[in-house]
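First residue of the sequence shown? That's 187 in our numbering, and the numbers climb one at a time after it. A virtual CB, placed ideally from N, CA and C, is assigned to each residue, including glycine. Model, not experiment: these values are computed from the prediction. Report on one structure; see the data block that follows.
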Amino acid sequence: MKILVLNAGSSSLKYQLMDSTTEEVLAKGVVERIGLAGEADHSFDIGGAKGKSSAEIADHECALQAAISVLSCPDGGVIADLSDISAVGHRVVHGGEYFSTSVAIDEDVLAKLDEVSPLAPLHNPAAVTCIRASRTLMPHITQVAAFDTAYHQTIPPEAHHYPLPRNLYDKYKVRRYGFHGNSHRYVAQRSADLVGIPLRDLKIISCHLGNGASIAAIKNGVSVDTSMGFTPLEGLMMGTRTGTIDPAIVTFLMRQENLSPDEIDNLMNKQSGLLGVSGISSDLRDVLDAQDRGDELARLANDMYAYSIKRLVGQYMAILGGLDIIVMTAGVGENSPVMRAAALAGLEHWGIAVDPWRNFEKKETFADGKDGEFKISATGSRVKILVVPTNEELMIARDTKALL
Ligand code: ADP
Numbered sequence: 187m188k189i190l191v192l193n194a195g196s197s198s199l200k201y202q203l204m205d206s207t208t209e210e211v212l213a214k215g216v217v218e219r220i221g222l223a224g225e226a227d228h229s230f231d232i233g234g235a236k237g238k239s240s241a242e243i244a245d246h247e248c249a250l251q252a253a254i255s256v257l258s259c260p261d262g263g264v265i266a267d268l269s270d271i272s273a274v275g276h277r278v279v280h281g282g283e284y285f286s287t288s289v290a291i292d293e294d295v296l297a298k299l300d301e302v303s304p305l306a307p308l309h310n311p312a313a314v315t316c317i318r319a320s321r322t323l324m325p326h327i328t329q330v331a332a333f334d335t336a337y338h339q340t341i342p343p344e345a346h347h348y349p350l351p352r353n354l355y356d357k358y359k360v361r362r363y364g365f366h367g368n369s370h371r372y373v374a375q376r377s378a379d380l381v382g383i384p385l386r387d388l389k390i391i392s393c394h395l396g397n398g399a400s401i402a403a404i405k406n407g408v409s410v411d412t413s414m415g416f417t418p419l420e421g422l423m424m425g426t427r428t429g430t431i432d433p434a435i436v437t438f439l440m441r442q443e444n445l446s447p448d449e450i451d452n453l454m455n456k457q458s459g460l461l462g463v464s465g466i467s468s469d470l471r472d473v474l475d476a477q478d479r480g481d482e483l484a485r486l487a488n489d490m491y492a493y494s495i496k497r498l499v500g501q502y503m504a505i506l507g508g509l510d511i512i513v514m515t516a517g518v519g520e521n522s523p524v525m526r527a528a529a530l531a532g533l534e535h536w537g538i539a540v541d542p543w544r545n546f547e548k549k550e551t552f553a554d555g556k557d558g559e560f561k562i563s564a565t566g567s568r569v570k571i572l573v574v575p576t577n578e579e580l581m582i583a584r585d586t587k588a589l590l
């Protein structure tokens with residue numbers, strides 16, 4: 187059975203066609219610069235053959251059509267026509283309080299997605315447009331929405347409410363939602379499989395460290411806290427986002443610098459984090475290189491990044507009442523031994539010890555592990571520390587199959 191997974195961003199569409207039995211990726215691609223001036227870029231990998239094309243693409247419907255024509259290309263395509271696709275899984279950033287699992291999409295689901303769109307104004311409208319286009323093109327097959335927020339709906343009230351006047355929650359549903367849910371869910375389950383202990387018996391801290399970064403505390407298979415909140419701005423210091431700061435800084439800077447809400451929003455989301463502190467880049471690789479060359483602000487940025495991870499690991503150990511596994515994933519978690527070591531240094535007292543050789547050489551793999559999965563904890567470290575490449579698309583495809 188072939189399942190198409192779609193991930194619509196504000197001006198992009200990523201797609202993957204997966205064989206749901208073997209879980210093999212048959213084809214994948216990304217269309218970028220949708221609806222912007224000039225031509226959109228479409229790059230794809232169809233059964234190992236890579237290609238690129240450029241054309242004007244007005245909206246997500248046109249992008250989806252471009253994707254399907256590549257997938258069904260007579261010369262090397264992986265489907266004969268649309269009837270080869272059994273179901274479609276859509277990544278949707280925000281499900282508000284309505285969705286705690288992935289769901290099959292119907293008109294009621296679409297109405298709820300429209301209703302929660304103000305909570306994710308850049309992302310949800312694109313997903314809804316893409317869902318509608320996909321339902322028009324493939325009206326007879328099941329289409330599923332898999333939410334970034336859904337996994338965190340189990341976070342208890344004392345952790346998901348903010349200490350604001352209650353009417354603001356009633357009126358706007360201002361609360362912690364959390365994001366990266368499909369990633370945290372995937373790496374937690376995968377870690378349990380790798381160590382051979384049921385997920386329901388484990389206390390896990392999952393660190394998704396990409397451009398956007400969040401940590402989740404997972405107890406007995408459910409999320410009990412996570413660092414991103416009402417928006418993806420809260421929590422860890424990120425590539426260009428502040429993460430948690432004193433909220434009074436916001437009003438102070440707005441007054442002092444005469445900034446509008448949009449300007450302060452831009453400053454905190456796009457100009458801060460690693461980029462803001464180092465003045466060099468939002469990409470950790472660049473900032474680590476600059477530190478190696480002796481740049482003191484780069485060093486500070488890297489130290490702050492590591493510190494913000496360690497601080498949350500400590501918090502979540504307290505919340506979980508113990509810890510069995512720390513799992514690292516996404517660009518930084520999967521690829522930066524330096525940051526992994528810095529973030530978890532000095533925690534030996536708590537049973538957390540990184541083995542430098544395993545961390546840098548990636549040699550401690552698992553008998554039934556996949557590429558990129560390895561253990562970095564020292565022999566004798568009570569807490570197992572794993573690196574597991576994330577796979578949100580696979581999680582979406584599995585949910586889609588389960589809902590068929
Ligand atoms: P996104 O959130 O866009 O999906 P990724 O998970 O791909 O992001 O992570 C991207 C980030 O991962 C880059 O900005 C970079 O900082 C970091 N990264 C990737 N490879 C390395 C590496 N070898 N060393 C340090 N950081 C890396």
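Looking at the ligand ADP, does it come within less than 7 Å of residue 256, judged from the CB to the closest heavy atom?
It does not: the Cβ of residue 256 is nowhere closer than 7 Å to a heavy atom of the ligand ADP.
Does the beta carbon of residue 397 fall short of 7 Å from some heavy atom of the ligand ADP?
Yes, the Cβ of residue 397 comes within 7 Å of a heavy atom of the ligand ADP.
Can you name the residues that DSSP bridges to residue 230?
Beta-bridge pairing links residue 230 to 215 and 237.
Residue 519 and residue 393 closer than 8 Å at C-beta
A contact, by the Cβ cut-off of 8 Å.
In the region 423 to 506, which residue ranges form an unbroken beta strand (DSSP E) of at least 3 residues, counting only runs that do not cross its ends?
Segments of the beta strand (DSSP E) lying fully in the region 423 to 506: there are none.
Tell me, to the nearest whole angstrom, how far the beta carbon of residue 401 is from that of residue 502; I am working on the premise that it is less than 8 Å.
In this structure residue 401 is in contact with residue 502, their Cβ atoms being roughly 7 Å apart against a cut-off of 8 Å.
Using 8 Å as the Cβ pair cut-off and three pairs as the minimum, do the region 271 to 284 and the region 333 to 342 touch?
Verdict: yes, contact present.
Roughly how many whole angstroms lie between the Cα atoms of residue 538 and residue 399?
Distance between the alpha carbons of residue 538 and residue 399 is about 21 Å.
Residue 516 and residue 413 closer than 8 Å at C-beta
Not a contact, by the Cβ cut-off of 8 Å.
Residues bridged to residue 276 by DSSP?
Residue 276 is bridged by DSSP to 192 and 331.
Please tell me whether residue 511 and residue 456 are closer than 8 Å, where the distance is taken between their beta carbons.
Going by C-beta atoms, residue 511 is not nearer than 8 Å to residue 456.
Residue 293, buried or exposed, once every other Cβ within 10 Å from all chains shown has been counted against 16
In summary, residue 293 is exposed, with fewer than 16 beta-carbon neighbours lying within 10 Å of its beta-carbon over all protein chains present.
Let me check one thing: in DSSP terms, what residues is residue 390 bridge-paired to?
Beta-bridge pairing links residue 390 to 404 and 511.
Relative to the C-alpha of residue 245, which candidate in 232, 263 and 223 has its C-alpha closest?
Of the candidates 232, 263 and 223, the residue whose Cα lies closest to the Cα of residue 245 is 223.
Closest to residue 556 by C-alpha separation, out of 543, 566, 573 and 544, would be which residue?
Closest by alpha carbon: 573.
Taking all protein chains shown into account, decide if residue 371 is buried (16 or more other Cβ within 10 angstroms of its Cβ) or exposed.
Result: buried.
Let me know the secondary structure DSSP gives residue 308 once reduced to three states.
Correct three-state label for residue 308: coil.
Euclidean distance between Cα positions of residue 548 and residue 541
Spanning the alpha carbons of residue 548 and residue 541 requires a straight line of approximately 10 Å.
For residue 541, which of helix, strand or coil comes out of DSSP?
Three-state result, residue 541: coil.
Got a sec: does the ligand ADP put a non-hydrogen atom nearer than 7 Å to the Cβ of residue 425?
For the ligand ADP, a non-hydrogen atom lies closer than 7 Å to the CB of residue 425.
Leaving out the 5 sequence neighbours to the left and right, which residues in its chain are closer than 6 Å to residue 407 when beta-carbon positions are compared?
Contacts found: 385 and 386.
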